[in-house]
Structure formats: C-alpha cells, structure tokens
Amino acid sequence: MASAALTDFRNEPYTDFSQPANRRAMEDALRQVRSQFGHEYQIRIGGEFFATGDKLESVNPSHPAEIVGVHHRATPALARSAVEAAWNYFQEWSRVPAGARTAMAFEAARILRRRKLEFDAWLVYEAGKSWAEAEADVCEAIDFCEYYAREMTRRAGPQPVVQLPGERGKLFYIPLGVGVVIPPWNFPLAILAGMTVAALVAGNTVVLKPSSETPTIGAKFAEVIVEAGFPQRAFTLLAGSGAAVGDTLVAHPLTRFISFTGSREVGLHINELAAKTQPGQIWIKRVVAEMGGKDAIVVDSDADLDLAVDGVLASAFGYQGQKCSACSRAIVDAKVYDAVLEKLAAKVRNITVGPADDPANYMGPVISHGARKSIQAYIEAGKKEGRLISGDRPVPGDGYFLPPTIFADVDARARIFQEEIFGPVLAVAKARDFEHALELANDSEYGLTGAVFSRDAEHLRQAAERFHVGNLYFNRKCTGAMVGAHPFGGFNMSGTDSKAGGPDYMLLFLQAKAVAEKIL
Ligand code: NAD
Numbered sequence: 140m141a142s143a144a145l146t147d148f149r150n151e152p153y154t155d156f157s158q159p160a161n162r163r164a165m166e167d168a169l170r171q172v173r174s175q176f177g178h179e180y181q182i183r184i185g186g187e188f189f190a191t192g193d194k195l196e197s198v199n200p201s202h203p204a205e206i207v208g209v210h211h212r213a214t215p216a217l218a219r220s221a222v223e224a225a226w227n228y229f230q231e232w233s234r235v236p237a238g239a240r241t242a243m244a245f246e247a248a249r250i251l252r253r254r255k256l257e258f259d260a261w262l263v264y265e266a267g268k269s270w271a272e273a274e275a276d277v278c279e280a281i282d283f284c285e286y287y288a289r290e291m292t293r294r295a296g297p298q299p300v301v302q303l304p305g306e307r308g309k310l311f312y313i314p315l316g317v318g319v320v321i322p323p324w325n326f327p328l329a330i331l332a333g334m335t336v337a338a339l340v341a342g343n344t345v346v347l348k349p350s351s352e353t354p355t356i357g358a359k360f361a362e363v364i365v366e367a368g369f370p371q372r373a374f375t376l377l378a379g380s381g382a383a384v385g386d387t388l389v390a391h392p393l394t395r396f397i398s399f400t401g402s403r404e405v406g407l408h409i410n411e412l413a414a415k416t417q418p419g420q421i422w423i424k425r426v427v428a429e430m431g432g433k434d435a436i437v438v439d440s441d442a443d444l445d446l447a448v449d450g451v452l453a454s455a456f457g458y459q460g461q462k463c464s465a466c467s468r469a470i471v472d473a474k475v476y477d478a479v480l481e482k483l484a485a486k487v488r489n490i491t492v493g494p495a496d497d498p499a500n501y502m503g504p505v506i507s508h509g510a511r512k513s514i515q516a517y518i519e520a521g522k523k524e525g526r527l528i529s530g531d532r533p534v535p536g537d538g539y540f541l542p543p544t545i546f547a548d549v550d551a552r553a554r555i556f557q558e559e560i561f562g563p564v565l566a567v568a569k570a571r572d573f574e575h576a577l578e579l580a581n582d583s584e585y586g587l588t589g590a591v592f593s594r595d596a597e598h599l600r601q602a603a604e605r606f607h608v609g610n611l612y613f614n615r616k617c618t619g620a621m622v623g624a625h626p627f628g629g630f631n632m633s634g635t636d637s638k639a640g641g642p643d644y645m646l647l648f649l650q651a652k653a654v655a656e657k658i659l
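When you read off a place in the sequence shown, starting at 1, and then add 139, the result is the number in this note's numbering.
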C-alpha cells in the first residue's frame, strides 16, 4: 500500500473500444448490468439498511420504460439520524492514521479499475452516456481516488513553519467533521466519487445524497467504498430528492461542511441556508459549491478553422451538451464568420443520435423528460433569438433524444446567449474583432471554462490575462479536464473558486492546527 503512494500520479488510460476484444467485453458488461435492472436498493446509515417503502425509480433515458434501479427515498427524520450517526463516529474515524485512510482510497481505485466496464455500463444505462463518455467518467473517478490519496499523503504529518528561538513549532492538518456531499447526475460516478473520497480520506465522515436521476450509480459506488475498507459508519448513502432531504442535511447543526456540485440555483440556496446559524451550532459551516457554466469558445480570424469547428462541436455536443464545461456559445471573428458557419452546418450532420448503448451513436438521450422539455423551451426561444442552422430533424425512438441544435446570429442579450441550457444547443455570435470577442466571452455571470482558437501569440496572451474563467484552453476543446493536469472549477456564479483534481483541493476538507511548545 505504502509504495503505491510513492509513485507519481498518472491518469488512468482509456479502454480502446476500437479493439474487438474490448468491444466484446463491453457488450458482455452491458448484458450483465442489464440483467440487474429493477433491483431494489435501501438507504445505508452507519452500516444499517433502511427501507421506507417510498420508492424512487431511475430509468434508462434511452428507453424510459426500462427501470434501472428502485431506491427507497430517505425521509427528513432519516436524514437527521444520518448526520447524528456520522457525528457519533467522527471522533473515532478522525483518529485513524492518514496512512490507513489513503490505503483505502488506493484500494477504491483498484476496485473501480477491476469493475471499470461494469461501471461504464451502469453509466450508459442510467445516465445515457455513450461508451466513450462513460469510460472517461469512470477513469476520472479512478483518477480522483489516486490523486486525493497522494494529496492527503502530502498533507499528513507536520507542515513546515518558521521556528522561533526557544520554541518548537508545528502545524498539522485535522479533519473538519461531518460532511454532506451532494453531487449532480451528469458525472454520476466521477464527481460523486471525487467529492466523497476527498472528504473521507481527509478523516471526515460523510453523508452522501446522490442525484435522484442516477441513484443506482451511487449505490454501486457505496459497495466500492465498503469493499475498499472504509468503515460503514464513516459513510452514509441517502437516496431521495434534494428538495425533500437537502434542507434537513444542510441545516443540521452537526453538519460541519457541505460539498455541493450542481446548478447555480441550488448552490446559492445551500450557501444561504448553511450561513444561517442553527440553535446548538458551534461553527461556521464551510460550503464548497461548484456550479453552472455558460462556456464560450472564441474563434479568431487566423484560427485553423477545421480544428476550431471540431473543437466547438465536440465541446457543444459531447454528452448531449450536459457538461458544466460544455461550449454553448461560439464567438467568431467577423472575417471568418461565414466560413465557420458553413463548416459547422456541414460537420454537424455527421453527428449520430440514438440509444447510448449502441456505440454507433455519438450522442445519446438527455437525462429526463423534464430536461428535454426545458431544453425544447430554449430551442423555441432560440428560434426568435437567432437563425436555426441545425436541429430541425426529429430523432426517432422512445428515448429523450434531441438533435444537435445550432443558432447563428445570436445577440449577446439573448436568453440562449446568457442562460445555462444544459443540453445540445449552441449559440453562435459574430464579433467585430478579437477585442470584441473577448468582451462577448466575458459577458456572462458565469466563469467556468472557455477556449480560444488562434495562431496569434499576442491574442492568446491577452486571453490568458482577460478571459475570466477558471479553466481556459487554447486551440483545443473546452471540455475534458484531466485530473492533476487541469484542476477544475470556475469563477463568479460558477462556484466558490475551488479546483477539483488540483493541489489545493484537499485543504477544503481540512483545517490547520498550530502547536507551539516552549523549550524548557
Ligand atoms: P441540481 O442543482 O439540480 O442538483 C444537484 C444536486 O443537488 C442533486 O443531488 C440534487 O438532488 C440536489 N438538490 C436539489 N435541491 C436541493 C436542496 N434544496 N438542497 C440540497 N440539495 C439539493 O443540478 P443537476 O441538474 O444535478 O446538475 C446540473 C448542474 O450541475 C448544471 O448547472 C451544471 O453546470 C452543474 N455542474 C457543475 C460542475 C462544476 O464542476 N462546476 C460539474 C458538473 C455539473
């Protein structure tokens, strides 16, 4: 175990599905997982299981009549007892040496690696991810376990402080307490695993509430956590809607911190509720909130236009545009505007849409009926706000499918230019010049990701200085951040400026204690 911590971090390699053997293995995994459809999952609190009888069904968005998992919904009373049970075990867990905790995180990575294709298949069926997107999600989960275990190793033990004459000084990190972990459905394994493992490996106890769209993946990850050796009492899994138990978890006076990833609306609500001191509460709650985006790609007049268009399409339509990092605004210099539109319109026709378990489809369904309705409302608004250049062909099938949709000539004040749609809808705007393009890119309350396609070194320098996003990319797509290489998180309404998969992240789950001893 200890030697694993000493090797350098490396990103998990992706399975190559163009290899026939890998394709066959994935087909087997899909069959295996399908045979477990409809299984019932109970709530796990401190190692005990609870059935409330109030059941939530998660469905396959490619074929919504198929029930992937049936989950007992938590009640506010169970949510309260989960926080209390986590608090009762915190004193014991927080004293487990960091080396033992990091060994468990490395073990979780090993188990995920062993069960990789099985998890890929759960993601295909419950989240509607294509094979490649599912594989990237599972690899990222493995990366988070490996990376945070190493980062915790670095933070364990005394940290350097100035030594005053006649004194022995020390500074070391201790955990915070009970953490409520609330992930979204769009990276139902990677984000859930990253937030959970970071909190646990730091010595906190965790109450995890997965998204009600993807609770089966949460339940499967709970199996990994327990098999990896994390004590059952350190970890609680509560299925159910955020609206029903979220406020109870966040407001509980024994909750010490909330680690949230999701929409701006829910993030702001949690931040406000957590700031209100409850009777009996003796700390200020810490909120880590990673929220939405309205990410832009700027195409400069001297850009390699094919590279730029491929980057825009991959960023806008990979996983149906349901990534916080997805490109939903392309801002194109007037000199190449028509040429870019022509290439976008031609290349978007190659994008295939259909059931996610068929690897011939680049795009699968959006997550739910509700999501499709909300995206369709934006498409209707877009018809008044821009010129539709792609998206008018309906997609056959019973799944929640939508075609890749592109609007040209969109004004900066348009709703489809300003609001996060979270679906396969791209707004294209014309910029007078590079200066104007940067102005348009920054005309957003969000600040998550962005990209610039340009060969002009001075323009790239200006963008690095002034394009105000947490993750900026040059001459590549604005999605696909890699753990360790692209620490991830945004500015402004995109969150609390944290960086998942980066060297500062573990500090969000720790507090520093300084001890000074007079030398007698
Ligand atoms: P959401 O805000 O609807 O839900 C996120 C989580 O919050 C879910 O588990 C949900 O059940 C829970 N929740 C809902 N109401 C709650 C309440 N009152 N109290 C506590 N919890 C509550 O978001 P979503 O639809 O699951 O995910 C999509 C959003 O997530 C998009 O806005 C996307 O940009 C964002 N996102 C951001 C990042 C990032 O790193 N910045 C990454 C992925 C997704």
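Even glycine gets a Cβ: it sits at the ideal position worked out from N, Cα and C.
Computed from a prediction, not measured in an experiment: that's the story for all the values here.
inquiry  = Given a cut-off of 8 Å on the beta-carbon distance, is the pair P203 and D537 in contact?
reply    = yes
task = Let me know if I423 comes out buried or exposed under the rule of 16 or more other beta-carbons within 10 Å of its beta-carbon.
result = Per the 10 Å Cβ criterion, exposed.
Closer than 7 Å: V426 CB and nearest the ligand NAD heavy atom = no
inquiry  = If you reduce the DSSP assignment to three classes, tell me which class T154 lands in.
reply    = coil
ask   = What beta strand (DSSP E) runs, 3 residues minimum, are completely inside the segment 331-368?
value = 344-347
request  = Compare the Cα-Cα distances from D441 to each of F456, K474, R468 and report the closest residue.
outcome  = K474
ask   = E519 lies in the alpha helix (DSSP H); which residues open and close that run?
value = 508-524
message = Using DSSP's beta-bridge definition, name the partner residues of N610.
response = T588
Where the alpha helix (DSSP H) through F573 begins and ends = Run containing F573: 573-580, per the alpha helix (DSSP H) assignment.
request  = Give, in chain order, every unbroken run of the beta strand (DSSP E) that is at least 3 residues long and sits entirely within the segment 249-325.
outcome  = 306-314, 317-321
ask   = Alpha carbon to alpha carbon, what distance is there between D531 and N343?
value = 50 Å
ask   = In chain order, which beta strand (DSSP E) runs of at least 3 residues are fully inside the segment 159-217?
value = Runs found: 178-180, 182-184, 187-189, 194-199, 202-211.
ask   = Taking all protein chains shown into account, do 16 or more other C-beta atoms lie within 10 angstroms of the C-beta of S174, making it buried, or fewer, making it exposed?
value = exposed
ask   = Just reading off the alpha helix (DSSP H) that E559 is part of, what are its end residues?
value = For E559, there is no enclosing alpha helix (DSSP H), as DSSP marks it with neither H nor E.
request  = For A378, name the three-state secondary structure that DSSP assigns.
outcome  = coil
message = At a threshold of 7 Å, does T400 count as lining the ligand NAD (C-beta to nearest heavy atom)?
response = At least one heavy atom of the ligand NAD is nearer than 7 Å to the Cβ of T400, so yes.
ask   = Exposed or buried, what is A141 when buried is set at 16 or more other beta-carbons lying within 10 Å of its beta-carbon?
value = Per-residue confidence for A141 stands at a pLDDT of 43, beneath the threshold of 50, marking its modelled position as unreliable; the derived number appears in the next sentence. With fewer than 16 other CB atoms across the displayed protein chains lying within 10 angstroms of its CB, A141 is exposed.
key: Check whether F399 and V437 have beta carbons under 8 Å apart   = no
query = F613: which of G623, A383, Q601 sits nearest, CA to CA?
reply = Q601
ask   = With 16 other CB atoms within 10 Å as the buried threshold, where does A225 fall?
value = buried
request  = Report the three-state DSSP secondary structure of A624 (helix, strand or coil).
outcome  = coil
inquiry  = Below 8 Å, how does it come out for the segment 365-385 and the segment 218-238: are there three or more Cβ pairs, yes or no?
reply    = yes
key: Start and end residues, alpha helix (DSSP H) containing L480   = Residues 476-487.
request  = Kindly indicate which residue of D582, Y312, E285 has the alpha-carbon position closest to the one of R294.
outcome  = Y312
query = In or out: Q230 buried (at least 16 other Cβ within 10 Å) or exposed?
reply = Here Q230 is exposed, its C-beta having fewer than 16 other C-beta atoms within 10 Å.
request  = Note down the Cα distance separating G586 from G431, rounded to an integer number of angstroms.
outcome  = 9 Å
query = Using DSSP with H/G/I as helix, E/B as strand and the rest coil, what is M645?
reply = helix
inquiry  = Is C284 a contact residue of the ligand NAD, with contact defined as CB to any heavy atom under 7 Å?
reply    = Not so, every heavy atom of the ligand NAD lies at least 7 Å from the Cβ.
key: Pair within 8 Å by beta-carbon distance, F540 and L577   = no
Cα-Cα separation, A465 to G177 = Looking at the backbone, the Cα of A465 and that of G177 are separated by about 32 Å.
message = For M621 and A590, I'd like the C-alpha separation in whole angstroms.
response = 15 Å
message = Considering only the alpha carbon of each residue, which of V319, T353, V317 lies closest to N329?
response = The amino acid occupying residue 329 in the given sequence is Ala; Asn does not appear at that position. Of the candidates V319, T353, V317, the one whose C-alpha sits nearest the C-alpha of A329 is T353.
ask   = Which residues in the same chain have their Cβ closer than 7 Å to the Cβ of A143, if we skip the five residues on either side of it in sequence?
value = Here A143 scores only 47 on pLDDT, less than 50, and its place in the model should not be relied on; the value that follows carries that caveat. A distance below 7 Å between beta-carbons, with the five flanking residues on each side excluded, links A143 to the following residues of its chain, in chain order: F245.
request  = Please list, in chain order, all residues of the same chain as L310 whose beta carbon is under 6 Å from its beta carbon, the five residues on each side excluded.
outcome  = Q298, V300, A651, A653
ask   = Heavy atom of the ligand NAD less than 7 Å from the Cβ of N610, yes or no?
value = no
For A428, the three-state DSSP class (helix, strand or coil) = strand
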